[in-house]
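Number of protein chains: 2
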Amino acid sequence: MTRVTADVTFLRGYNQALVMAVGRTARTFERATVVDATGLTPQAVSKVIARLTADGLIRPAGVRRPGIGKPAVVYELVPDSRYAIGAHVARRTLRLVLVDLAGTVHHSAVSPLPRDFTPEQLLDALAAGIDTMVGVGDLRGRLTGLGIGMIGPLDHANGLVRDAHGLRHWRDVALREIAEKRLGLPVHLDKDVTAGITAEAWRHGATFGDAALIMVESGIGGGFWLGGAAHRGAHTNAGEFGHTVVDLTGPRCVCGRHGCLEIVHQHAAEAGDIAHAARVLAVGVVNLLQTLDLAHVLLAGADLLRHPQTYLSAVTEAVQADARRADWLSTRVALSGLGADVIAAGAAMQILDQHYGIPELA
Amino acid sequence: MTRVTADVTFLRGYNQALVMAVGRTARTFERATVVDATGLTPQAVSKVIARLTADGLIRPAGVRRPGIGKPAVVYELVPDSRYAIGAHVARRTLRLVLVDLAGTVHHSAVSPLPRDFTPEQLLDALAAGIDTMVGVGDLRGRLTGLGIGMIGPLDHANGLVRDAHGLRHWRDVALREIAEKRLGLPVHLDKDVTAGITAEAWRHGATFGDAALIMVESGIGGGFWLGGAAHRGAHTNAGEFGHTVVDLTGPRCVCGRHGCLEIVHQHAAEAGDIAHAARVLAVGVVNLLQTLDLAHVLLAGADLLRHPQTYLSAVTEAVQADARRADWLSTRVALSGLGADVIAAGAAMQILDQHYGIPELA
DNA sequence: AAAATTTAGCAACAGCGTTGCGTAATAGGG
DNA sequence: CCCTATTACGCAACGCTGTTGCTAAATTTT
Numbered sequence: 109m110t111r112v113t114a115d116v117t118f119l120r121g122y123n124q125a126l127v128m129a130v131g132r133t134a135r136t137f138e139r140a141t142v143v144d145a146t147g148l149t150p151q152a153v154s155k156v157i158a159r160l161t162a163d164g165l166i167r168p169a170g171v172r173r174p175g176i177g178k179p180a181v182v183y184e185l186v187p188d189s190r191y192a193i194g195a196h197v198a199r200r201t202l203r204l205v206l207v208d209l210a211g212t213v214h215h216s217a218v219s220p221l222p223r224d225f226t227p228e229q230l231l232d233a234l235a236a237g238i239d240t241m242v243g244v245g246d247l248r249g250r251l252t253g254l255g256i257g258m259i260g261p262l263d264h265a266n267g268l269v270r271d272a273h274g275l276r277h278w279r280d281v282a283l284r285e286i287a288e289k290r291l292g293l294p295v296h297l298d299k300d301v302t303a304g305i306t307a308e309a310w311r312h313g314a315t316f317g318d319a320a321l322i323m324v325e326s327g328i329g330g331g332f333w334l335g336g337a338a339h340r341g342a343h344t345n346a347g348e349f350g351h352t353v354v355d356l357t358g359p360r361c362v363c364g365r366h367g368c369l370e371i372v373h374q375h376a377a378e379a380g381d382i383a384h385a386a387r388v389l390a391v392g393v394v395n396l397l398q399t400l401d402l403a404h405v406l407l408a409g410a411d412l413l414r415h416p417q418t419y420l421s422a423v424t425e426a427v428q429a430d431a432r433r434a435d436w437l438s439t440r441v442a443l444s445g446l447g448a449d450v451i452a453a454g455a456a457m458q459i460l461d462q463h464y465g466i467p468e469l470a
Numbered sequence: 109m110t111r112v113t114a115d116v117t118f119l120r121g122y123n124q125a126l127v128m129a130v131g132r133t134a135r136t137f138e139r140a141t142v143v144d145a146t147g148l149t150p151q152a153v154s155k156v157i158a159r160l161t162a163d164g165l166i167r168p169a170g171v172r173r174p175g176i177g178k179p180a181v182v183y184e185l186v187p188d189s190r191y192a193i194g195a196h197v198a199r200r201t202l203r204l205v206l207v208d209l210a211g212t213v214h215h216s217a218v219s220p221l222p223r224d225f226t227p228e229q230l231l232d233a234l235a236a237g238i239d240t241m242v243g244v245g246d247l248r249g250r251l252t253g254l255g256i257g258m259i260g261p262l263d264h265a266n267g268l269v270r271d272a273h274g275l276r277h278w279r280d281v282a283l284r285e286i287a288e289k290r291l292g293l294p295v296h297l298d299k300d301v302t303a304g305i306t307a308e309a310w311r312h313g314a315t316f317g318d319a320a321l322i323m324v325e326s327g328i329g330g331g332f333w334l335g336g337a338a339h340r341g342a343h344t345n346a347g348e349f350g351h352t353v354v355d356l357t358g359p360r361c362v363c364g365r366h367g368c369l370e371i372v373h374q375h376a377a378e379a380g381d382i383a384h385a386a387r388v389l390a391v392g393v394v395n396l397l398q399t400l401d402l403a404h405v406l407l408a409g410a411d412l413l414r415h416p417q418t419y420l421s422a423v424t425e426a427v428q429a430d431a432r433r434a435d436w437l438s439t440r441v442a443l444s445g446l447g448a449d450v451i452a453a454g455a456a457m458q459i460l461d462q463h464y465g466i467p468e469l470a
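Residue numbers (the working numbering), protein chains in the order written: chain L, 109 to 470; chain G, 109 to 470.
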């Protein structure tokens with residue numbers, strides 16, 4: 109990690125992002141709310157609010173009469189002031205969503221992709237889908253960009269697909285570059301699970317703690333939110349959670365090792381014993397908690413969402429059994445609130461996050 | 109995580125810390141070195157260097173003649189300008205080290221602790237040990253504080269030991285508070301493994317990537333350095349890496365689950381098959397890599413250091429076998445450079461880090 | 001109508017990194 | 001010997017940030 113210089117423009121973006129996070133989390137807010145949440149002085153908050161109002165990102169929404177004294181001005185986010193498009197590129201399908209500044213999903217559309225599709229074919233599908241969405245909403249000037257979430261390995265920093273599992277035509281493809289050229293939009297490329305966890309963090313706001321998004325969908329992956337930012341690892345390859353060994357004497361996995369969580373889970377699921385499969389996944393989740401100590405665990409993925417309650421209760425029970433020895437070890441387990449849209453929506457939010465989220469110094 | 113306001117004093121501390129990191133990493137440096145490393149303008153670096161020189165933290169150390177033109181002033185860190193003491197509290201021993209600003213360990217001393225020692229007994233031992241060390245070096249005014257690394261669970265933010273495993277008298281002890289009162293020094297309390305990984309990160313400087321420190325010593329733990337900071341998790345409880353299940357059908361562990369890494373490793377070690385034990389640990393390490401994608405893995409702990417080469421080669425081989433499919437997946441495996449001092453030294457560096465390291469916004 | 005209370009914001013300020021430009025120190029060429 | 005090119009350094013002015021001190025506005029209570 110190469111650290112980068114900090115100048116006053118960083119402060120501007122940082123504190124502005126704090127205020128935006130408040131606006132996204134609370135439906136309405138006022139100056140005092142932000143003062144409490146950020147520790148800034150009221151005067152400083154006034155300046156930030158003035159800037160955001162001038163940009164059209166927030167607006168006054170009435171007043172609150174405090175019983176006595178001058179009424180406080182109430183503000184709210186202007187959700188339709190900015191939009192972003194998110195794409196979830198899977199092996200056979202492309203899902204596109206339109207997300208506004210508040211994180212609300214406005215449109216969601218799935219289209220098939222050819223078997224072993226090429227970069228060209230993906231770009232054609234993206235261009236067509238985006239045209240449709242932009243036309244519907246008339247988003248001229250309000251479209252921030254396109255986020256793409258897809259399977260790895262890839263290089264998020266350089267927008268490069270290294271070698272997408274199971275896709276022959278995707279070795280060292282500079283997807284961000286060619287997509288930006290073709291579509292005329294800022295593009296952000298990331299792993300699917302990382303996009304997914306960003307969606308949850310974006311919706312929960314600045315107080316969201318360490319968390320993981322567990323994806324069960326043609327494989328098992330994990331997206332991580334640690335210390336207030338997405339964790340991608342040293343080579344953007346974090347999240348291969350399905351390929352952690354949970355059974356040393358278990359069956360051989362495609363990755364070459366024995367008893368990976370993914371293969372053990374798959375065998376149970378193929379045998380029709382979903383409850384057992386869910387308990388296997390739960391073991392893996394508790395492993396994560398032991399290692400990382402998370403505040404939230406979110407469950408998602410097409411295969412998991414076919415039996416949501418089975419998985420939810422298996423994981424919840426395992427987590428509670430593990431935490432029983434200490435009352436302060438609280439971890440909330442939940443299904444992802446965005447359902448099948450979580451990856452695409454998260455990819456869109458990553459673009460919004462680049463502009464209106466906490467700027468990174470690292 | 110509650111984010112905190114950023115004002116101009118943050119910039120000061122942040123950029124100052126970047127320069128200090130350069131000074132710690134490189135034996136000598138000059139203005140242009142810092143400009144390249146940080147992206148600051150030369151003028152800004154001059155101001156920072158002037159401040160640090162005035163504080164006695166760095167000093168001029170000659171000039172470099174660039175062949176043509178005015179010679180460049182060469183600077184160096186002043187290692188003995190600041191010191192910190194680090195304590196590693198284990199179940200039966202207390203290790204104290206004296207560390208200077210460069211991260212060099214000057215003194216190291218181990219003393220026994222009574223079985224089931226009380227907080228009072230620990231404080232007595234700390235006070236005695238610190239008196240000896242301070243007397244030797246005459247550190248008046250240069251001692252930054254005391255760092256304590258110990259087993260959890262504990263609450264790092266509030267300096268509270270919740271319930272140290274295997275120590276009866278350590279339930280909800282406000283160790284930081286009582287130690288600061290008794291010793292008259294700033295005190296930082298953290299989990300042993302977190303202190304350990306801080307030691308490695310502090311010595312490597314600001315470019316140190318995502319990393320884990322694997323400790324094998326009456327149990328197996330892991331300390332994590334992710335995204336430029338120590339990862340402690342939602343309740344300062346991250347790192348219970350030994351209690352991740354690697355063998356679903358394995359023996360029952362003290363934690364109640366079956367086939368934890370720790371119990372499987374222990375059975376192999378007790379059977380005398382260290383090579384097998386090392387391979388078991390290596391499976392766990394690769395699990396971590398799959399999940400977190402780390403740039404460095406560091407091995408430490410008394411039990412591991414009895415067979416350093418066995419463990420090092422087992423882990424190295426496993427990591428390489430796993431990374432074989434992709435040349436860009438490079439992870440360096442090494443023994444911790446500080447040996448048995450790593451926890452205590454890291455605890456000391458955490459105190460130094462609070463003053464001279466990258467300030468945290470989160 | 002006056003007092004108390006709460007909120008809002010103008011104006012001056014201190015401190016940060018940046019920019020513009022002049023100065024110091026060295027080597028090489030005419 | 002002098003001039004020029006080169007490299008490093010730093011003063012001074014600047015723009016920007018959040019902070020501080022203080023005044024004004026809007027409302028309820030007395």
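Even glycine gets a Cβ: it sits at the ideal position worked out from N, Cα and C.
Using a CB distance cut-off of 9 Å, Thr439 (chain G) counts as an interface residue toward chain L. What His339 (chain L) touches in chain G, judged by beta-carbon distance under 9 Å, is Asp318, Leu334, Gly335, His339, Leu400, Asp401, going in chain order. Judged by DSSP secondary structure, Asp208 (chain G) falls within the beta strand (DSSP E) whose first and last residues are 201 to 208. At least 9 Å separates the CB of Leu406 (chain L) from every CB of chain G. When 7 Å is used as the limit between beta carbons, Ala346 (chain G) is near these residues of chain L: Thr399, Leu400, Asp401, in chain order. Taking Val405 (chain L) as reference, the option from L:His463, L:Leu321, L:Gly364 with the minimal CA-CA separation is L:Leu321. When DSSP states are grouped into helix, strand and coil, Ser154 (chain G) belongs to the helix group.
When the Cα atoms are used, Phe118 (chain L) and His196 (chain L) turn out to be separated by approximately 31 Å. In the three-state DSSP reduction, Arg279 (chain G) falls in the strand class (E or B). When Cβ-Cβ separations below 9 Å define contact, Tyr122 (chain G) makes contact with chain L. Here Glu228 (chain G) is exposed. Its C-beta has fewer than 16 other C-beta atoms within 10 Å.
The alpha carbon of Gly121 (chain G) has as its nearest neighbour, out of G:Asp144, G:Pro150, G:Ile157, G:Phe137, the alpha carbon of G:Ile157. Within the segment 174 to 253 of chain L, the runs of alpha helix (DSSP H) that reach at least 4 residues and sit entirely inside it are, in chain order, 227 to 245. Beta-bridge pairing by DSSP links Asp263 (chain L) to L:Leu268. Beta-bridge partners assigned by DSSP to Gly331 (chain L): L:Leu321. In chain order, Gln398, Thr399 make up the part of chain L whose C-beta sits under 8 Å from the C-beta of Phe349 (chain G). Look at Val181 (chain G): its C-beta is not under 9 Å from any C-beta on chain L. Take the alpha-carbon of Asp430 (chain G) and the one of Val394 (chain G): they are about 7 Å apart.
Within chain G, the residues Phe118, Leu119, Tyr122, Asn123 have their CB atoms less than 8 Å from the CB of Ala114 (chain L), given in chain order.
If you look at Phe118 (chain L), you'll find it in the alpha helix (DSSP H) that goes 116 to 133. Among the CB atoms of chain L, none fall inside 9 Å of the CB of Leu446 (chain G). According to the DSSP assignment, Val388 (chain G) belongs to the alpha helix (DSSP H) that extends over 382 to 400. Contact annotation: in the segment 382 to 393 of chain G, residues whose CB is within less than 9 Å of a CB in chain L are Val388, Val391, Gly392. 9 Å or more divides the Cβ of Tyr419 (chain L) from the Cβ of Val301 (chain L).
Per DSSP, the continuous beta strand (DSSP E) segment holding Leu297 (chain L) begins and ends at 295 to 299. Here the segment 445 to 452 of chain G does not lie against the segment 345 to 361 of chain L, with fewer than 3 beta-carbon pairs under 8 Å apart.
Taking a Cβ-Cβ threshold of 9 Å, the residues of chain L close to Asp355 (chain G) are Val353, Val354, Asp355, Leu356, Thr357, Gly358, Gly367, in chain order.
Residues of the segment 294 to 325 of chain G whose Cβ lies closer than 7 Å to any Cβ of chain L, in chain order: Ala314, Thr315, Gly317, Asp318. The continuous stretches of alpha helix (DSSP H) do not include Glu138 (chain L), which lies in the beta strand (DSSP E) extending over residues 136 to 138. Shown here, Arg365 (chain G) sits in coil according to DSSP, grouped into three states, outside any helix or strand. Between the segment 167 to 176 of chain L and the segment 227 to 241 of chain L there are fewer than three inter-stretch CB-CB distances shorter than 8 Å, so the stretches are not counted as touching. For Val372 (chain G), the nearest CB of chain L lies under 9 Å from its own CB, placing it at the interface with that chain.
Taking 9 Å as the threshold, the shortest C-beta distance from Thr133 (chain L) to chain G does not fall below it.
Membership of Leu460 (chain G) in the alpha helix (DSSP H) is indicated by the continuous run 450 to 464. Here the segment 307 to 317 of chain G makes contact with the segment 126 to 144 of chain G; the two share three or more CB pairs at distances below 8 Å. In the structure shown, Ala342 (chain G) adopts coil according to DSSP, grouped into three states.
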